[in-house]
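Colleague: Below is a structure I'd like to ask you about.
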Amino acid sequence: MHFALSEDQRVLQRTTDEICAQLFAVSPVGDARADGGALRAKLWSKLAELDLVGLLVPEHQGGAGGSLTDACVVAEALGRHIAPVPYVGTAIAAAALLRFGDGPDESLARLCRGDAYSVLLDGGLDDPAGTATVAFDWVDGALGVALSPDGRATVHDLVDVDPITDVDPLHRLARVRPVPAGEASGDGARRARAVAWTGAAALLTGLADGALRQSVDYAREREQYDRPIGSFQAVKHLCADMLFDVETSRSITYGASWAAEHAPIDEAERVASAAKAHAGAAAIRVCETGIQVLGGIGVTQEHDAHLRLRCAHLHHAAFGNSDAPLVLLAGRLLEKV
Amino acid sequence: MDLRDSPEEARFRGRLCAWLKENVPADPEPAVLAERWPYMRAFQQHLYRGGWVALSYPEEVGGQGLGPMEEAILSEELGRANAPTLLPLGHLGRPLLRYGTGEQRRRYLPPLLASDEIWCQGFSEPQAGSDLAALRTRAVREDDAWVLNGHKTWTSYGVFADFCLLLARTDPDAVRHRGISAFIVPLSAPGVTVRPIVLANGDEEFAELFLDDVRIPAENILGRPEDGWRIAMDVVNYERGAVETGYLPKFERYLSELAEFVKTRTSAPDRATLRALGEAAAALEVLRMHCLRTLSDRASGAPPGPESSIDKLLMTAVEQKLMALSLSLLTDTAVPGRAEWFDRYLYGRAGSIYGGSAQIQRNILAERLLGLPRSPA
Ligand SMILES: Cc1cc2nc3c(=O)[nH]c(=O)nc-3n(C[C@H](O)[C@H](O)[C@H](O)COP(=O)(O)OP(=O)(O)OC[C@H]3O[C@@H](n4cnc5c(N)ncnc54)[C@H](O)[C@@H]3O)c2cc1C
């Protein structure tokens, strides 16, 4: 048993961080991110070129044959930079559904080459029971993936696409013509859901980590009463609470990144549930606290703190909010005693 | 990253599970400390004789010569087996192992690890709580003895203990952290008075120690004179980890008990109850993974540092969450067990005080890990 990331995974982390840092200067403005189009496309093609979109896809199906831990390393780094790409939707959730839900091989191969695939959810961003109506992490030209009632992942052309103005402008949603969808009951579909939960948890952890770093840098620089605000204990404790949330999210998320892929399905679901619920709540707390440390500038459009908080809310809501994982955990507990 | 057991770990786990199956007592853990203490101690002694205590200590001092991952497995399986709570004193062997002379390790460690001799931690004083360096207990060298005078307080298990790892000032002129030394003090020494203090839940879990001209042999100093602060920081870093203190299995048992309570009361719990149970389960899962990560980092041999403050805050958060859950479930005053859970809840309030208060842990994280400037004194 060992927990730490491998040397290769550290390189992956640095690479993703560097690409994002180049594209999205840390300057506190949403411009580059909010302009969407060009930079999003540039980052996405870079990720595809480096084989990072197809990390979860086995080599014989055209992918990079990486692990979920690898994909979480990338998702965390993207979250740190609030990168406006559909990585959780396409490279993690849709890829997992296609792979574990027996989706068509050629879709997996196309996904690895950088075609965008949105997962189809219900109006509450939960797993659809009956019909799926919303494309999550939607981009222009994306195809949709849903679990069909026969339990297999099915690819759909999206029809009547109507982009939704929701909380996060960087990770978009679109209403689409409803497609029939089943519940995740088979082992493959359950594993795909555990993987999606874990991927969202990784992005959420990254969002929180970015907020923490930004706050700590700011608290060291910004002076009031002739000293850095970071020397006031009230501010220190806010930062310490953020660190606590970030590190505990990291522990459970990376634990889940292993379990969701390798552990027996019940355990996989248990750990992934905890990761999604904890990292989601933690990221929202941390992004809110980050705004508090920044003061006035934190609540303007001149700073990207609001984009971070928006992104945290969206991904906390995705795949069933914190409700679905918590209810699952409670159910398991009650079965056991 | 690989959370599978290695073949050796799997064999270890297999042997452990088989042992636990035969050896976990069937009678429930007594609620009152006076009865719980002998029960816990007996199990701990039995566990030691089975070869399951001090796994990561070297064999020559009574340990098993294994590593932190085996400690993690032990912690997990004790929880699954519903084993009695461990004595939360595992961390007190660490300073003896690290700073003790050959003779001290041989003399003190085996009976400490076997729970044949009980140790306690004499750091806090009436004037020195969070600000431990303000301690006033004096140790003066006289020929081949140290003479101790002072007053210690909040000494956990002081009433049951045979020895105390005690901090005293040896150089009154040195500033604060310097000038403090650590001593091995037999509580049977003339001049030591132990007065129990009753916790809010009724347990006589800790004590005050009065030291009046207590003479101990010169060799009872641990480490060099003035090593006291380093030793103390080492002890608290270990104390702040959930595995060393055996709390993980205890919390798992609490959670199962609460789930069982829900199950016996209703066949269809409402959504709010499910969410609350789920949150407690998630918190424990986070703690389990965080401990695994911490121990895995420690496999490289490094002792814990300031990052153990995260473990401590997490442990406290999990305990207090479980206790809040128990209160929210046991709202009916006629329900048996409500008063016992309330006592556990009261005890849970201590989690954010002992081992350094939650505020002190945050100071450490902010200054030592995040590098924020020190607050003006
Ligand atoms: C159950 C239990 C068991 C214990 N066991 C032992 C033991 O075995 N051995 C031992 O030596 N001690 C033991 N202690 C003592 C424990 O370490 C102290 O209680 C603790 O360090 C706090 O000290 P204090 O009680 O004097 O509170 P104080 O230090 O007076 O603190 C009071 C309040 O002020 C806050 N505060 C103090 N300083 C600061 C600061 N710089 N910044 C922000 N807030 C601050 C604290 O957070 C707290 O909220 C035990 C305590 C308990 C409750």
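Chains as they are written, first to last, in full-length UniProt numbering: chain A, 1 to 337; chain B, 1 to 377.
Backbone N, C-alpha and C define an ideal beta-carbon position, used for all residues, glycine too.
Computed from a predicted structure; not experimentally measured.
Given that a residue counts as buried once 16 or more other Cβ atoms are within 10 Å of its Cβ, and exposed if not, what is Y254 of chain B?
Modeller: The residue is buried, with at least 16 neighbouring Cβ atoms inside 10 Å.
Colleague: Just curious, the alpha helix (DSSP H) that Q292 of chain A is in, first and last residue?
Modeller: Segment I265 to L294, the alpha helix (DSSP H) holding Q292 of chain A.
Colleague: I want to check one thing, is the minimum distance from the CB of W154 of chain B to the heavy atoms of ligand 1 below 7 Å?
Modeller: For ligand 1, at least one heavy atom lies less than 7 Å from the Cβ of W154 of chain B.
Colleague: Drop a sphere of 10 angstroms on the beta-carbon of residue 351 of chain A, count the other beta-carbons inside from all chains shown, and report buried for 16 or more, exposed for fewer.
Modeller: Residue numbering for chain A in the displayed model covers 1 to 337; residue 351 of chain A lies beyond these limits and cannot be assessed.
Colleague: Using 7 Å as the cut-off, classify the Cβ of C120 of chain B as near or not near the heavy atoms of ligand 1, replying yes or no.
Modeller: Within the cutoff, so yes.
Colleague: Do the CB positions of I197 of chain B and A189 of chain B come within less than 8 Å of each other?
Modeller: No. Outside cutoff.
Colleague: Are there any heavy atoms of ligand 1 lying less than 7 Å away from the beta-carbon of D320 of chain B, as far as the coordinates show?
Modeller: Rather than Asp, the amino acid found at residue 320 of chain B in this sequence is Gln. Outside the cutoff, so no.
Colleague: Figure out for me which residue from B:H151, B:Q64 and B:A145 has the closest Cα to the Cα of T137 of chain B.
Modeller: With distances taken between Cα atoms, T137 of chain B lies closest to B:H151.
Colleague: For residue 430 of chain B, which residues in chain A fall below 8 Å Cβ to Cβ?
Modeller: There is no way to answer for residue 430 of chain B, as the model of chain B reaches only from 1 to 377.
Colleague: Among B:E319, B:R224 and B:E260, which residue has its Cα nearest to the Cα of L167 of chain B?
Modeller: Among B:E319, B:R224 and B:E260, the Cα nearest to that of L167 of chain B is on B:R224.
Colleague: Looking at the structure shown, is P28 of chain A part of a helix, part of a strand, or coil, going by DSSP?
Modeller: Only weak support exists for where P28 of chain A lies, its pLDDT of 48 falling under 50; the coordinates are left without a value.
Colleague: Specify the secondary structure class of N82 of chain B as computed by DSSP and reduced to three states.
Modeller: It is coil, neither helix nor strand.
Colleague: Once you ignore the five residues that flank G230 of chain A on each side, which residues in its own chain have a CB closer than 6 Å to its CB?
Modeller: These residues qualify, in order along the chain: A219 and R220.
Colleague: Say the cut is 7 Å; is the CB of Q359 of chain B nearer than that to a heavy atom of ligand 1?
Modeller: Yes, the Cβ of Q359 of chain B comes within 7 Å of a heavy atom of ligand 1.
Colleague: So W119 of chain B is in the alpha helix (DSSP H); what residue range does that whole segment cover?
Modeller: Run containing W119 of chain B: none in the alpha helix (DSSP H); it sits in the beta strand (DSSP E), W119 to G122.
Colleague: Report the three-state DSSP secondary structure of P225 of chain B (helix, strand or coil).
Modeller: Of the three classes helix, strand and coil, the one that applies to P225 of chain B here is coil, per DSSP.
Colleague: Does the CB of I360 of chain B have a neighbour CB from chain A at under 8 Å?
Modeller: Cβ-Cβ to chain A under 8 Å: no for I360 of chain B.
Colleague: Taking 7 Å as the cut-off, is the CB of N149 of chain B close to at least one heavy atom of ligand 1?
Modeller: No, since every heavy atom of ligand 1 falls outside the 7 Å radius drawn around the Cβ of N149 of chain B.
Colleague: Using a Cβ-Cβ distance under 8 Å, would A116 of chain A count as near chain B?
Modeller: With 8 Å as the cut-off, A116 of chain A does not count as an interface residue toward chain B.
Colleague: Does D2 of chain B have its Cβ less than 8 Å from a Cβ in chain A?
Modeller: Output row for D2 of chain B: interface = yes.
Colleague: Nearer than 7 Å: is that true of the beta carbon of A324 of chain B relative to any heavy atom of ligand 1?
Modeller: No, the Cβ of A324 of chain B stays beyond 7 Å of every heavy atom of ligand 1.
Colleague: When you compare the CB of P28 of chain A with every CB in chain B, is at least one pair closer than 8 Å?
Modeller: Any answer about P28 of chain A is weak, because its pLDDT of 48 lies below 50 and its placement is not dependable; what the coordinates show is given next. Cβ-Cβ to chain B under 8 Å: no for P28 of chain A.
Colleague: Is Q22 of chain A close to ligand 1? I mean its beta-carbon at under 7 Å from any heavy atom of the ligand.
Modeller: Every heavy atom of ligand 1 is 7 Å or more from the Cβ of Q22 of chain A, so no.
Colleague: Going along the chain, which residues of its own chain have a beta-carbon closer than 7 Å to the beta-carbon of A276 of chain B, five neighbours each way excluded?
Modeller: Same-chain partners within the cutoff: L325 and S328.
Colleague: Using 10 angstroms around the beta-carbon of P126 of chain B, count the other beta-carbons present and answer buried if the total reaches 16, otherwise exposed.
Modeller: Exposed is the call here.
Colleague: For Y225 of chain A, count neighbouring Cβ atoms within 10 angstroms of its own Cβ and tell me buried if that reaches 16, exposed if not.
Modeller: Its Cβ having fewer than 16 others within 10 Å, Y225 of chain A is exposed.
Colleague: Check whether the Cβ atoms of D234 of chain B and P95 of chain B sit closer than 8 Å, and answer yes or no.
Modeller: Their beta carbons are under 8 Å apart, which means D234 of chain B touches P95 of chain B by this criterion.
Colleague: Return the CA-CA distance between P28 of chain A and A312 of chain A, expressed in angstroms with no decimal places.
Modeller: At P28 of chain A the pLDDT is 48, less than 50, meaning the model places this residue with poor confidence; the figure from the coordinates comes in the next sentence. Distance between the alpha carbons of P28 of chain A and A312 of chain A: 17 Å.
Colleague: Helix, strand or coil for T198 of chain A per DSSP?
Modeller: Correct three-state label for T198 of chain A: helix.
Colleague: What residues from chain B crowd round L326 of chain A, counting only those whose CB sits closer than 9 Å?
Modeller: Correct list: L274, R275, A276, L277, G278, E279, A281 and A282.
Colleague: Mind checking whether the beta-carbon of N237 of chain B lies closer than 7 Å to any heavy atom of ligand 1?
Modeller: No, Cβ of N237 of chain B sits at least 7 Å from all heavy atoms of ligand 1.
Colleague: Name the chain B residues that come within less than 7 Å of F319 of chain A, Cβ to Cβ?
Modeller: In chain order: nothing, as chain B lies at least about 15 Å away.
Colleague: Looking at D187 of chain A: is its Cβ nearer than 8 Å to the Cβ of I265 of chain A?
Modeller: Contact flag set, yes.
Colleague: Just curious, the alpha helix (DSSP H) that R271 of chain B is in, first and last residue?
Modeller: Looking at the DSSP string, the run of the alpha helix (DSSP H) that includes R271 of chain B is R271 to R298.
Colleague: With H, G and I counted as helix, E and B as strand and the rest as coil, what does DSSP make of I310 of chain B?
Modeller: Three-state DSSP puts I310 of chain B in a helix.
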